[in-house]
Amino acid sequence: MDLEYSAEHQAFRDEVREFLEGWPLKGDEARLPQEEQEQIFRKRGIEAGYVYRAVPKQYGGSEQPQDAIKDRIIVEEFYAAGAPRDLMSQGAGLMVPTLLEFGTEEQKERWIPPALTGEANWCQGYSEPGSGSDLASLQCQARLDGDEWVLNGQKIWTSSAQRAHMMFGLFRSEPDAKKHEGITYLLVPMDAEGIEVRPLREMSGGYEFNEVFFDDVRVPVENTVGKRGQGWQISRATLVHERNLIGNPNSMREAFSDLLDLARSRKINGVPANEDPGMRRRIAEIEGYVQTSQLSNMRQFTAANKGKMLEVMRPMMMNKVAGTDIMQMIMKCAYDLLGGDGILAPTESELDTWGRQTTSTGWVLQYVFSMGPAIAGGASNIQRNIIGERGYGLPRDLRRES
Amino acid sequence: MDFGLSEEQEMLQETIRGFAQNECPTTRLRELFDKGEGHDPALWTALAEMGIAGLIVPEEHGGAGMELLDLALVAEVLGEYAIPGPFLGHALAIRGVMLAGSAEQQAKILPDLADGSQIATAALQEGDADWTPESWTARVRGGRLTGEKTIVSHAGIADRILVGLDAGGLAWVDTRGEGVVIEDLGGIDRTRPVYRVRFEGAPAEVLEGGGGNAWQLVETAAVLLAADAFGAATKLIDIDVAYAMEREQFGQPIAQFQAIKHTIARLGTDIEPARALFWYAAHCQDAIPDEAARAASVAKAHITDRAMNAARESVELHGGYGFTWECEVQMWFKRIMLDRSLLGTPDQWRERTAVLGEY
Chain E
16 MDLEYSAEHQ
26 AFRDEVREFL
36 EGWPLKGDEA
46 RLPQEEQEQI
56 FRKRGIEAGY
66 VYRAVPKQYG
76 GSEQPQDAIK
86 DRIIVEEFYA
96 AGAPRDLMSQ
106 GAGLMVPTLL
116 EFGTEEQKER
126 WIPPALTGEA
136 NWCQGYSEPG
146 SGSDLASLQC
156 QARLDGDEWV
166 LNGQKIWTSS
176 AQRAHMMFGL
186 FRSEPDAKKH
196 EGITYLLVPM
206 DAEGIEVRPL
216 REMSGGYEFN
226 EVFFDDVRVP
236 VENTVGKRGQ
246 GWQISRATLV
256 HERNLIGNPN
266 SMREAFSDLL
276 DLARSRKING
286 VPANEDPGMR
296 RRIAEIEGYV
306 QTSQLSNMRQ
316 FTAANKGKML
326 EVMRPMMMNK
336 VAGTDIMQMI
346 MKCAYDLLGG
356 DGILAPTESE
366 LDTWGRQTTS
376 TGWVLQYVFS
386 MGPAIAGGAS
396 NIQRNIIGER
406 GYGLPRDLRR
416 ES
Chain V
362 MDFGLSEEQE
372 MLQETIRGFA
382 QNECPTTRLR
392 ELFDKGEGHD
402 PALWTALAEM
412 GIAGLIVPEE
422 HGGAGMELLD
432 LALVAEVLGE
442 YAIPGPFLGH
452 ALAIRGVMLA
462 GSAEQQAKIL
472 PDLADGSQIA
482 TAALQEGDAD
492 WTPESWTARV
502 RGGRLTGEKT
512 IVSHAGIADR
522 ILVGLDAGGL
532 AWVDTRGEGV
542 VIEDLGGIDR
552 TRPVYRVRFE
562 GAPAEVLEGG
572 GGNAWQLVET
582 AAVLLAADAF
592 GAATKLIDID
602 VAYAMEREQF
612 GQPIAQFQAI
622 KHTIARLGTD
632 IEPARALFWY
642 AAHCQDAIPD
652 EAARAASVAK
662 AHITDRAMNA
672 ARESVELHGG
682 YGFTWECEVQ
692 MWFKRIMLDR
702 SLLGTPDQWR
712 ERTAVLGEY
């Protein structure tokens, strides 16, 4: 065990830090809208070789040799500086890796660069009203008519569909095929005739996800990714590669540090909350979880880096449910620290922000939001099934196999 | 940057695992558990021959010269198989001598401990809550030790005792000498019996390193107890899995019920990631002194607490059978009880985490 970085990596870290002195932008650039500033800096990050390292240059990436430790240093330093790095959108995170692996040359050249810069927003059309955990039961229909697909049906829980230019989605192209077959992966322009987006209001009060209805929507056949009927396998393959499986524990550490600040600023029975013995223990208990999660992440990172991924499959499966549980613990503690202020509703401007909020109402919003990740991308109980079945070899639930 | 075990460390664990499987399977463990002596000379000798007794003793004193992390990895496997024996106290006594003994004292004391021919233990805790060095009152005046220690593991079979003194000093005492009164307390963990030891003017040799090291010793104990509890908890989850696969109700293995599957997944998610926590705490003791105190605090509190929870749920998962003497779960349940309560409860270590973290 050696937790020191090599001289080469230490030098690399210095280099990254020097580069990051360029953020936030200065002078005239600092007066541009936030989104434009981020685009400018992201572009510089690509030129310097820090952003989109795994994406070839011809598609707008910086195409750097694989080095997990350098990747980690970049993540740490960019996070510490609050600088924009790879776009964490559904398009850049999920659609781009899919296209890189399964797309045609034309598809890659056309769709990847704007997804990376954020010029084109993508949404993910997977879930349907009856197909959540049992996603392969999806019914939204794609029927081939000449050289066009005709789409009919409905998607739901489609995050940011109201701002998206494009959707990558799964559609049933062969209604008589077996459940996991006959699904096709399609790229759908959101301005196509027959698409209707209806927002769903969240319990937080905001509008982030939507229902999307398809009524004879026509999509050119060249928008098919991979082979017709192979959509399920294609969407799974990229999920396996999703590097976010090893999550970023920095945000948890930040939230913990904010919690500690909040405890210092609140009172319990007239005494600063951070001096209350019960509250101290409760926060220390949370610190136990936060530290465990960070160190387990480090262990997984090391193992992955050495090509010993199999040794850490089990803790990797646990990351999502453990991470969301810990964030909920932090937010619940904050909510309790707020006392009566925990009743306050978030403001309109806070509803649009998913970032850190350390006002009272911001904490309330985070408390409410902390439930979202425990549901999105496979609810915690589904994750527990996976941990039980694949992690501990327990038998599968009784389910219909067809 | 490498946060993982070396091949040697993996091999060390595999070797002891193999030994434990062959020499102390559950049937043998049960015999020893029922006997309640917490010691089997043949087992101890065999472990000592494998180098376990003197793992961290420098090579020039006859040990293997390994690190605290190696010691913690051994503790993990011993917890996993609930191996009875004086490993914990012996390792702490050695650590105390290495922390506080002069060069001459180390050269004199360590070789007999390194090969396991002498068994040592550590007497630190006094009253039920007086486990911090600041609260110790045992004292040496004119070479004679006076005081009372409690929850001293394996004192009944130990040849020597390392004793924590007032102001955080440490002394070395011959158990067979005059003025040492040892009383069996009837501890709940029958793999590691505990004793009260009274010193009534017992001849004692003060370790000359002085104060300041006692906390390091207590923190080493915290790390080893956490590692033991981690090993015990992972074993309990394996036992749970095996039982859930075998036990049938309503015509199917209970493992197929989500309530059971989710329980096992929850316990696993609580325990498995904490492997990295005790690794880190142990590594800090050797390599990152600035972090060592806090890492040990967090590891002891978090792991023993979560392990106890896993143990309780494991009993429940076995139904009525789980509550019987016959069910094997109790042996690990009680092992974890000791890990949790000896030298500070999770609440107490959390308060220490808060102090060290400047909450």
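Line by line, the protein sequences are chains E and V. Each residue of the first sequence is one higher than the one before, counting from 16 in the working numbering. Each residue of the second sequence is one higher than the one before, counting from 362 in the working numbering. Glycine residues also receive a C-beta, built at the ideal position from the N, C-alpha and C atoms.
Amino acids of chain E, ordered along the chain, whose beta-carbon sits closer than 9 Å to that of residue i
i, result
"R711/V", "R295, R296, R297, I298, A299, E300, E302, G303"
Straight-line Cα distance separating residue j from residue i
i, j, result
"K194/E", "R673/V", "41 Å"
"E404/E", "Q479/V", "48 Å"
"H422/V", "R711/V", "37 Å"
"D550/V", "M698/V", "7 Å"
"I127/E", "V690/V", "56 Å"
"A22/E", "G97/E", "25 Å"
"Q154/E", "A130/E", "27 Å"
"Q343/E", "S364/E", "23 Å"
"R314/E", "V676/V", "30 Å"
"R389/V", "G547/V", "21 Å"
"R268/E", "A278/E", "15 Å"
"S308/E", "T362/E", "32 Å"
"I543/V", "L485/V", "15 Å"
"T317/E", "Q79/E", "20 Å"
"A483/V", "F694/V", "23 Å"
Contacts of residue i in chain V (Cβ-Cβ under 8 Å)
i, result
"R314/E", "F364, G365, R636, A637, W640"
"L18/E", "M362, D363, F364, H644, A648, I649"
Below-7 Å beta-carbon distance, residue i vs any chain E residue
i, result
"A528/V", "no"
"L717/V", "no"
"E410/V", "no"
"K510/V", "no"
"D708/V", "yes"
"Y604/V", "no"
"K622/V", "yes"
"V659/V", "yes"
"T630/V", "yes"
"I625/V", "yes"
"Q374/V", "no"
Continuous beta strand (DSSP E) stretch holding residue i: start and end
i, result
"Q381/E", "Run containing Q381/E: none in the beta strand (DSSP E); it sits in the alpha helix (DSSP H), 375-384."
"D401/V", "That residue, D401/V, is in no beta strand (DSSP E); it is neither H nor E in DSSP."
"W137/E", "137-140"
"P330/E", "Here P330/E belongs to no beta strand (DSSP E); instead the alpha helix (DSSP H) covers 328-353."
"I729/V", "Past the boundaries of the shown model lies residue 729/V; chain V is included only from 362 to 720, so the question cannot be answered."
"L366/E", "Segment 363-366 is the alpha helix (DSSP H) holding L366/E; no beta strand (DSSP E) there."
"F228/E", "224-235"
"R500/V", "500-502"
Residue interval of the alpha helix (DSSP H) (run including residue i)
i, result
"I632/V", "619-632"
"Q486/V", "No alpha helix (DSSP H) holds Q486/V; DSSP gives it neither H nor E."
"A299/E", "292-320"
"Q398/E", "395-401"
Neighbouring residues, chain V, relative to residue i (Cβ below 9 Å)
i, result
"K321/E", "D363, G365"
"G393/E", "The contacting residues do not exist; G393/E stays about 13 Å from chain V at best."
"L35/E", "Residues of chain V passing the Cβ test: none, with the nearest at roughly 20 Å."
7 Å Cβ cutoff met for residue i and residue j
i, j, result
"F93/E", "R87/E", "no"
"Q177/E", "G168/E", "no"
"A656/V", "Y641/V", "yes"
"E189/E", "G244/E", "yes"
Interface flag, residue i vs chain V, CB-CB below 7 Å
i, result
"G338/E", "no"
"R399/E", "yes"
"G403/E", "yes"
"S311/E", "yes"
"Q306/E", "yes"
"L109/E", "no"
"T113/E", "no"
"Y94/E", "no"
"I88/E", "no"
"N265/E", "no"
"M342/E", "no"
beta-carbon residue i near the ligand NAP non-hydrogen atom, thresh 6 Å
i, result
"R125/E", "Among the ligands in the structure shown, none appear at all, so the ligand NAP cannot be discussed."
Contacts of residue i in chain E (Cβ-Cβ under 7 Å)
i, result
"T714/V", "A299, E302"
"M616/V", "Looking at the sequence shown, residue 616/V is not Met but Ala. By Cβ distance, chain E contributes L409, P410."
Neighbour list for residue i in chain E, Cβ cutoff strictly below 8 Å
i, result
"P386/V", "Residues of chain E passing the Cβ test: none, with the nearest at roughly 22 Å."
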